[in-house]
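First up is the structure itself, then whatever we jot down about it.
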Amino acid sequence: MNLLESRCDRIVKEEHFSAKRRIALHEMINHLQPGDAVMVLKLYSLADSTRHLMEMLNLIDEKQASLCTLHEGIDTNTEACANFKSMVSHLLDFQSDVISEKTRQGMYEAKRNGAVTGRPRKPDENVKRAITMYESRQYTLADIKNETGISKSTLYRYLEN
């Protein structure tokens, strides 16, 4: 089945495939009325990531409309697909958890192998110069920051250690 066979009232063809430049899609969603159905060939026509799909589902939901996909056979108006948004939400959480865990494991492994993780340290010569300026009591903290690029909190952290 295609969109023409689906008896769509209006067919929107997007000129850009970039998610940020899908102007026609966003205009169409902005003009949705309660009870309307957004029909797409594939989910990818609507969104290019799980997070983006969730955002689009929320927008469609806010307009009290439904989503139908021809390729995947999803129709959020049917009981079988009524929980689709909830499933996408769970998948989004799952993806976030997987990314977080992989990041945590990667950082642990890097630390175990001697790599330094976190924000790069300030160059030692700037820190030494900032400490010297601070201890001379001739400069304000603003002067020290402007001259060395070392903020007040960074300077105090180095002074404590």
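Heads up, the sequence shown is in our numbering, so the first residue is 1080 and it goes up one at a time. Think of the CB as a built atom: it goes at the ideal place given N, C-alpha and C, for glycine as much as any other residue. This structure is a prediction, so every number in the text was calculated from the model and none was measured.
Beta-carbon spacing of residue i, residue j below 7 Å
{"i": "L1111", "j": "K1092", "result": "no"}
{"i": "L1052", "j": "H1150", "result": "One cannot answer for residue 1052 here, as it falls past the ends of the chain, which runs 1080 to 1240."}
{"i": "M1212", "j": "I1229", "result": "no"}
{"i": "Y1237", "j": "V1195", "result": "no"}
{"i": "L1122", "j": "M1135", "result": "no"}
{"i": "T1182", "j": "A1209", "result": "no"}
Residues sharing a beta bridge with residue i, DSSP
{"i": "S1145", "result": "A1116"}
{"i": "I1153", "result": "T1148"}
Rounded Cβ spacing between residue i and residue j (contact assumed at less than 8 Å)
{"i": "I1139", "j": "C1147", "result": "About 11 Å; that fails the 8 Å criterion."}
{"i": "V1167", "j": "L1220", "result": "Not a contact, Cβ separation roughly 49 Å."}
{"i": "T1155", "j": "S1145", "result": "5 Å"}
Reduced DSSP secondary structure (H/G/I, E/B, other) of residue i
{"i": "L1111", "result": "coil"}
{"i": "E1094", "result": "coil"}
{"i": "I1229", "result": "coil"}
{"i": "R1236", "result": "helix"}
{"i": "A1159", "result": "helix"}
{"i": "A1221", "result": "helix"}
{"i": "L1125", "result": "coil"}
{"i": "D1088", "result": "coil"}
Restricting to runs no shorter than 3 residues, where is the beta strand (DSSP E) found entirely within the region 1165 to 1212?
Listed in chain order, there is nothing to give.
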